[in-house]
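Peer 1:
Protein chains: 2
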Amino acid sequence: MIFSSELIKGTLKTIVLKLLADNKKMYGYEITQRVKELTKDRIQLTEGALYPTLHALEADGLLTTETEYIGKRVRKYYSLSPKGKSKAKERVSEFTEFVETMQSLLDIKPRLA
Amino acid sequence: MIFSSELIKGTLKTIVLKLLADNKKMYGYEITQRVKELTKDRIQLTEGALYPTLHALEADGLLTTETEYIGKRVRKYYSLSPKGKSKAKERVSEFTEFVETMQSLLDIKPRLA
DNA sequence: TAATAATACCTAAGAGTTTGATGTATTGAA
DNA sequence: TTCAATACATCAAACTCTTAGGTATTATTA
Numbered sequence: 234m235i236f237s238s239e240l241i242k243g244t245l246k247t248i249v250l251k252l253l254a255d256n257k258k259m260y261g262y263e264i265t266q267r268v269k270e271l272t273k274d275r276i277q278l279t280e281g282a283l284y285p286t287l288h289a290l291e292a293d294g295l296l297t298t299e300t301e302y303i304g305k306r307v308r309k310y311y312s313l314s315p316k317g318k319s320k321a322k323e324r325v326s327e328f329t330e331f332v333e334t335m336q337s338l339l340d341i342k343p344r345l346a
Numbered sequence: 234m235i236f237s238s239e240l241i242k243g244t245l246k247t248i249v250l251k252l253l254a255d256n257k258k259m260y261g262y263e264i265t266q267r268v269k270e271l272t273k274d275r276i277q278l279t280e281g282a283l284y285p286t287l288h289a290l291e292a293d294g295l296l297t298t299e300t301e302y303i304g305k306r307v308r309k310y311y312s313l314s315p316k317g318k319s320k321a322k323e324r325v326s327e328f329t330e331f332v333e334t335m336q337s338l339l340d341i342k343p344r345l346a
């Protein structure tokens, strides 16, 4: 089962920030592959969604970049800035609380069974 | 703490379908208030987002409507169609699985009861 | 060796959704 | 009487994603 893009939308930034918090630096393609692998193909980030998001996070001062050449191929690494590190923690804990809230909402027993 | 609209976006339809699954019929304003109340103000659905969503679910054949008059005031009730009922279950279980996947990704220690 | 797949960056048009404001009208409370 | 709450809803602007495409290098396979 592949999760609907709707669900992924709300958490894309959280995923990216958390991966970077755990991995110091990663490049875009690597992020898509890592997420695919970690979630057994259930979350598939498309490049069309990922790259604009990375650029937006960079523009917000949460990410810094450095370019490396692997042979002749360009590779652009993204890392968390200090601001990005605190944002990553914030986002993860927000998600945790959100899940608890959602569970209480979704676990409600019908009034008339 | 009020949750970011980004998080809510991904689960708006799930919330609406689940509430209707538990309550037989509800009207739009009631949904916003119920969610606010059940989540202690942490999820606030805006009408600008809710009504188009209700209309979209209705157009998909997941909801049926009936109009009632409370005094002179119009009230439009939404209910799940049979198709909507199975969709509600589907959405809730998709969300549950999504949470499990996200938790492994975010390395959150599950606080599931 | 030639074609294909995978790696790696990215953009852009169109589609879809949300925000924030606004509109209408009734009812209840101060 | 006036303001807040109830209750429906829409709309333009802003925003985001999807889908498709572009460029180029390296690895694989037929």
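Going down the list, the sequences are from chains A and B.
The first sequence begins at 234 in the working numbering and counts up one residue at a time.
The second sequence begins at 234 in the working numbering and counts up one residue at a time.
Cβ atoms here follow ideal geometry from the backbone N, Cα and C, with glycine treated the same way.
Computed from a prediction, not measured in an experiment: that's the story for all the values here.
Can you tell me which of the three DSSP states THR272/A falls into?
Peer 2: On the first sequence, residue 272/A is found 39 positions in, with the first residue counted as 1. The answer is coil: DSSP assigns THR272/A none of H, G, I, E or B.
Peer 1: Tell me whether MET355/B sits in a helix, a strand or coil according to DSSP, three-state version.
Peer 2: Look at the range of chain B in this structure, 234 to 346, and you will see that residue 355/B is not part of it.
Peer 1: Assuming THR244/B and GLY243/A are in contact, meaning their beta carbons sit under 8 Å apart, how far apart are those beta carbons, in whole angstroms?
Peer 2: As a first step, residue 244/B is located in the second sequence; it is residue number 11 there, counting from the start. As a first step, residue 243/A is located in the first sequence; it is residue number 10 there, counting from the start. Indeed, because the Cβ distance is near 7 Å, the residues count as touching under 8 Å.
Peer 1: Under 7 Å between the Cβ atoms of VAL325/B and LEU339/A?
Peer 2: Sequence index remark: in the second sequence, residue 325/B carries index 92 (1-based). Sequence index remark: in the first sequence, residue 339/A carries index 106 (1-based). Yes, the pair counts as a contact, with Cβ atoms nearer than the cut-off.
Peer 1: From TYR311/A to VAL332/A, what distance separates their C-alpha atoms?
Peer 2: Numbered from its first residue, the first sequence carries residue 311/A at position 78. Numbered from its first residue, the first sequence carries residue 332/A at position 99. Each residue's Cα considered, the two are about 28 Å apart.
Peer 1: Considering only residues of the segment 288-312 of chain A, which uninterrupted beta strand (DSSP E) runs meet the minimum length of 3 residues and lie entirely inside it, listed in chain order?
Peer 2: 296-303
Peer 1: Between THR194/B and THR272/A, is the Cβ-Cβ spacing less than 7 Å?
Peer 2: One cannot answer for residue 194/B here, as it falls past the ends of chain B, which runs 234 to 346.
Peer 1: May I ask you to report which of helix, strand or coil DSSP gives SER314/A?
Peer 2: Within the first sequence, numbered from 1, the residue matching residue 314/A stands at position 81. Three-state DSSP puts SER314/A in coil, outside helix and strand.
Peer 1: Kindly list the residues whose CB is nearer than 8 Å to the CB of LYS251/B, restricted to its own chain and excluding five residues on each side of it in sequence; keep chain order.
Peer 2: Here residue 251/B refers to the residue found at position 18 when the second sequence is read from its first residue. Excluding residues within five positions, the ones whose Cβ falls inside 8 Å are ALA321, ARG324, VAL325.
Peer 1: Consider the Cβ of VAL325/B: report whether some Cβ of chain A lies at a distance smaller than 7 Å.
Peer 2: The residue you call residue 325/B lines up with position 92 of the second sequence. Yes, VAL325/B lies at the interface with chain A (some Cβ there is under 7 Å from its Cβ).
Peer 1: Tell me which residues share the same chain as VAL268/B and place their Cβ nearer than 6 Å to its Cβ, disregarding the 5 neighbours each side in the sequence.
Peer 2: Residue mapping note: residue 268/B aligns to position 35 of the second sequence, counting from 1. Excluding residues within five positions, the ones whose Cβ falls inside 6 Å are ILE276, LEU278.
Peer 1: What number of angstroms, rounded off, separates the C-alpha of ARG344/B from the C-alpha of GLN336/A?
Peer 2: What you label residue 344/B is simply residue 111 of the second sequence in a count that begins at 1. What you label residue 336/A is simply residue 103 of the first sequence in a count that begins at 1. For ARG344/B, the pLDDT reaches just 48, beneath the cut-off of 50, and the residue's location in the model is therefore unreliable, although a value from the coordinates is still provided. Those two C-alpha atoms are separated by around 11 Å.
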